[in-house]
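A short write-up of the structure that comes next.
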Amino acid sequence: MNFRKQPKKNIAQDLADDQLTHIDLDEHPEARGREKAVEAQPEPGDKVRIPTEIWVLVVAAFIIALGFGLVAPIIPQFARSFDVSLAAAGAVVSVFSASRLLFAPVSGRLVDKLGSRKVYLTGLLTVAVTTAAVGLSTEYWNILALRFLAGVGSTMFTVSAMGLIVRLSPPTIRGRCSSIYASAFLIGNVIGPVVGAALSVLGLRIPFFIYGACLGVASFVVWWRMPVLSSGPAVNADGVVQKTMRFAEAVKDSAYRCALVGGFANGWLNLGVRVAALPLFTAAVFNKGGAVAGLAMATFAAGNAIALQFSGRLADTMGRKPLILSGLLVNAIFTGGIGLVNDMTALLIVSAIAGAGAGMFNPAQQAVLADVIGNERSGGKVLANFQMAQDLGSITGPIVVGFLAQTYGFRLAYLVCAGIGLVAMVSWTFGRETLASKQPGYRVDAA
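Just so we're on the same page, the numbering used here is the position in the sequence shown counted from 1, plus 4.
So, in structure tokens, the structure goes:
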């Protein structure tokens, strides 16, 4: 008999061509509905470059944060120049946060309908125009109305920026992308007030014009360098338009539910109480409380910046949950510890460690959102609800803590803050790990 020689099989090529990621649906019912196997992505250790589009967002984030740092310290002071009460001056800040919270659901729908790029640019330009117009205000109500509109634009570009990061970040470096984006905002927020102090001789109106110009520059950078492909409905690799992820679908995922709780805690501890209550605490405990508060905020930022240098990479290798759990624990304990100190050195130390905790869990939690939605789907409403949870925490935190501090003292107020963070940490113990290579049931099959 004549046997024809069979060609030698290239096993390595077969493995490369046929690798599939499988999740055991019996063990992980949350994955039901996502049964279709997907091509295995490169391992987290592989050298994957951050896309140019992400760097565009990073540059824009730095410019935005730098400009915001110019005006944030002087907004209440500018309102007071119209001979209004302290409460009325504070309302200028509150109305911005309230409009962000109210308009977040609409922003999510706009992202799903129009695409992230269009909404991002529209939001940036809205804030640019309204902020510059604040510098032209002649009456108090002008500032109030313009800050409300600026809040609308702010939530538009915040939600759409999250959508762009979700869509453009390679799955294996989502933590790194989130970390670099957060670092840009942090650096801008640190440098902005320093530049603002140097420009204080120009008066209270000029910084608003400068911030408007900064946002105009950021808008141009994104319009020039961000591809139009990133706008419009999401499509998969085959060009098929993908169904938008609804909030009702996302909330079935334990990871997303935990992210909502974690976002609320982050808003409460790090975006609300840290900014609003810390100056009151230092004024009550220390001489020259304003200077001490500034130093404490600076050390928080320093700790945050240090943690951001490694937390994103670790989230892409160790998994999301280890960074989230440890970060929330550190952030909660040391934020609560602020109310127990009466020494400036101790305050600076606990502030720095609390900042490091925030820098540990935030990139990982942002990466969880991207894991839940995926690169090939739009999830504007899903992202908007996360943003709402964070804003809700940043609004309610200072109110509750202020009441507790006035009634029972700062010690109890900050212990409640620690409790909020620990509740978020405990909730995350029940959330699933979303990094593909770390999920139980993950395996590579060879055909």
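No residue lacks a Cβ here, since even glycine has one placed at the ideal position from N, Cα and C.
Item	Value
Out of F285, V372, G293, state which residue places its alpha-carbon closest to the alpha-carbon of I328.	V372
Could you check how far apart the C-beta atoms of T130 and G157 are, in whole angstroms? I think they sit under 8 Å.	3 Å
Decide if A295 is buried, meaning its Cβ has at least 16 other Cβ atoms within 10 Å, or exposed.	exposed
Hey, is the region 220–228 in contact with the region 80–97, meaning 3+ C-beta pairs nearer than 8 Å?	no
With a 10 Å radius around its C-beta and 16 neighbouring C-beta atoms as the bar for buried, classify Q313 as buried or exposed.	exposed
Grab me the residues of T162's own chain with a C-beta within less than 7 Å of its C-beta, minus the 5 sequence neighbours each way, in chain order.	Q391
Within 10 angstroms of the Cβ of W272, are there 16 or more other Cβ atoms? Answer buried if so, exposed if not.	buried
Helix, strand or coil for V133 per DSSP?	helix
Leaving aside the five residues before and after T339 along the sequence, list all residues of the same chain whose C-beta is less than 7 Å from its C-beta, in chain order.	L273, A358, Y418, C421, A422, G425
Of all the alpha helix (DSSP H) runs that stay within the bounds of the region 240–324, which reach a length of 4 or more residues?	251–254, 258–270, 282–289, 293–321
Using a threshold of 7 Å, state whether the C-beta atoms of A252 and T303 are closer than that.	no
Closer than 6 Å by C-beta to S398: which residues in its own chain qualify, once you throw out the five before and the five after it? Chain order, please.	G271, L275, G276
Would you identify the three-state DSSP class for V345, choosing helix, strand or coil?	coil
With DSSP collapsed to three states, give me the class of K40.	Confidence at K40 is low in this model, with a pLDDT of 36, below 50, so the placement of that residue should be treated as unreliable; the coordinate-derived value is given next. K40: coil per DSSP, three-state reduction.
Who are the Cβ neighbours of P468 in its own chain at under 7 Å, not counting the five residues just before and after it?	Here the chain has residues from 5 to 451 only, and residue 468 is not among them.
Would DSSP call M230 helix, strand or coil?	coil
Tell me the start and end of each unbroken alpha helix (DSSP H) in the region 146–197 that is at least 4 residues and wholly inside, in chain order.	none
Quick check: A409 and A269, are their CB atoms within less than 7 Å of each other?	no
Answer yes if the region 260–268 comes into contact with the region 365–382, meaning at least three C-beta pairs across the two stretches below 8 Å, and no otherwise.	yes
On the criterion of 16 or more Cβ atoms from any shown chain inside 10 Å, does K40 qualify as buried, or is it exposed?	For K40, the pLDDT reaches just 36, beneath the cut-off of 50, and the residue's location in the model is therefore unreliable, although a value from the coordinates is still provided. K40 comes out exposed.
Whether or not the region 207–218 and the region 119–139 are in contact is what I'm after, with contact meaning three or more pairs of Cβ atoms, one per stretch, closer than 8 Å; do they touch?	yes
Assuming F434 is part of the alpha helix (DSSP H), what are its boundary residues?	Element bounds for F434: n/a, residue is neither H nor E.
Spatial neighbours of A165 within its chain, please: CB distance less than 7 Å, with the 5 preceding and 5 following residues excluded, ordered by chain position.	L61, Y124
Rounding to the nearest angstrom, what Cα-Cα distance links N308 and S89 in this structure?	35 Å
Specify the secondary structure class of L439 as computed by DSSP and reduced to three states.	coil
Can you tell me which of the three DSSP states G383 falls into?	coil
Taking Cβ to Cβ, would you say A368 is nearer than 7 Å to R324?	yes
So, helix, strand or coil for P77, using DSSP?	coil
Using a Cβ-Cβ cut-off of 8 Å (strictly less than) and excluding sequence neighbours within five positions of V99, which residues of its own chain qualify?	L148, R151, F152, G155
How long is the line joining the alpha carbons of A44 and E437, rounded to whole angstroms?	Residue placement at A44 is flagged as unreliable, the pLDDT there being 41, under the threshold of 50; the coordinate-derived value follows with that caveat. So the alpha carbons of these two residues sit roughly 17 Å apart.
To the nearest angstrom, how far is it from the Cα of T411 to the Cα of V265?	27 Å
Could you check what DSSP says for I210 in three-state terms: helix, strand or coil?	helix
Which same chain residues end up closer than 6 Å to I68 when comparing Cβ atoms and leaving out the 5 residues on each side of it in sequence?	A222
Would you report the Cα separation of V255 and T56, rounded to the nearest angstrom?	32 Å
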